[in-house]
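Sequential numbering from 3 applies to the sequence shown in the working numbering. Ideal placement from N, C-alpha and C gives every residue a C-beta, glycine not left out. I have placed the structure first, in the form of structure tokens, so that the comments after it can refer back to it.
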Amino acid sequence: DPANSRGGGAHAAGADPSHPPCPPQIFHSDKILGDHEVSFLDIAFDEIPERYYRSLEDPRFFSSAKTGRGPLREGWRQHTKPIMCSYKLVTVKFEVWGLQTRVEQFVHKVIRDILLIGHRQAFTWVDEWCGESPRCPPAPLCAGPPMPPTSLAPCAPCLPC
């Protein structure tokens, strides 16, 4: 449910009350001027363009063998604990008279679709990345020559499941 809001810290008028409010500091800056739109994405029930739909990437039907997460049912955001929030600040400026509004709205919609699809994939691909370390990729990715130790960061802990 998009809603206009200035700054963070509380729900915008008409915002999704099941969603936790933004922290007061999130994107609060003098560089962000004017009204902005707050958009809440529901990875399970928001519509995505048909050409991007994959049944294996549908959180309504996916169940993780490693974590036991899923499938996501109607109202999952109100009843699932813990829940991950991800904040994105998108600014689009296309200052060409006669085209500005259309182009800016189009770009915002495309970015929203990309974020929605990406987060659906992150959820439904959890069995592929759960337990992996950024420095220790799966064997097929390690087929090349070894990298010199100076180019590697210290081994990060495995990502939690």
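Original post:
At a cut of 8 angstroms, does the stretch 104-112 reach the stretch 75-87 through at least three beta carbon pairs?
Top reply: no
Subject >> Inside the stretch 30-106 only - alpha helix (DSSP H) runs reaching at least 4 residues >> reply: You should have 78-81.
Original post:
CA-CA distance, Ser57 and Ala46?
Top reply: Reading the sequence shown from its first residue, position 55 is the one you call residue 57. Reading the sequence shown from its first residue, position 44 is the one you call residue 46. Rounded to the nearest angstrom, the two C-alpha atoms are 12 angstroms apart.
Original post:
Just curious, the alpha helix (DSSP H) that Glu166 is in, first and last residue?
Top reply: Residue numbering for the chain in the displayed model covers 3 to 163; residue 166 lies beyond these limits and cannot be assessed.
Subject >> Assigned exposure category for Arg122 - 16 Cβ within 10 Å defines buried >> reply: The residue you call residue 122 lines up with position 120 of the sequence shown. The residue is buried, with at least 16 neighbouring Cβ atoms inside 10 Å.
Original post:
Are the beta-carbon atoms belonging to Glu59 and Trp127 less than 9 angstroms from one another?
Top reply: Residue 59 sits at position 57 when you count from the first residue of the sequence shown. Residue 127 sits at position 125 when you count from the first residue of the sequence shown. Yes, the Cβ-Cβ distance between Glu59 and Trp127 is below 9 angstroms.
**OP:** Leaving aside the five residues before and after Leu117 along the sequence, list all residues of the same chain whose C-beta is less than 7 angstroms from its C-beta, in chain order.
**Re:** On the sequence shown, residue 117 is found 115 positions in, with the first residue counted as 1. Closer than 7 angstroms at the Cβ level, and outside the excluded window around Leu117, lie Leu43, Lys90.
Subject >> Of the listed residues Ala67, Phe125, Arg114, Ala124, nearest to Pro51 (C-alpha basis) >> reply: Start at 1 with the first residue of the sequence shown, and residue 51 comes out as number 49. Per the Cα distances, Arg114.
Original post:
With Val94 and Glu106 assumed to form a contact (beta carbons below 8 angstroms), what rounded beta-carbon distance in angstroms separates them?
Top reply: By 1-based counting over the sequence shown, the position of residue 94 is 92. By 1-based counting over the sequence shown, the position of residue 106 is 104. Right, the Cβ-Cβ distance comes to about 5 angstroms (below 8 angstroms), so this counts as a contact.
Original post:
If Pro73 and Phe125 are in contact, beta carbons under 8 angstroms, what's the gap, nearest whole angstrom?
Top reply: Your numbering for residue 73 matches position 71 in the sequence shown. Your numbering for residue 125 matches position 123 in the sequence shown. Contact doesn't hold; Cβ gap of about 10 angstroms is too wide.
Original post:
For Asp40, is the classification buried or exposed, using 16 other Cβ atoms within 10 angstroms of its Cβ as the cut-off for buried?
Top reply: In the sequence shown, residue 40 corresponds to position 38, counting from 1. Note that residue 40 corresponds to Val in the displayed sequence, not to Asp. The residue is buried, with at least 16 neighbouring Cβ atoms inside 10 Å.
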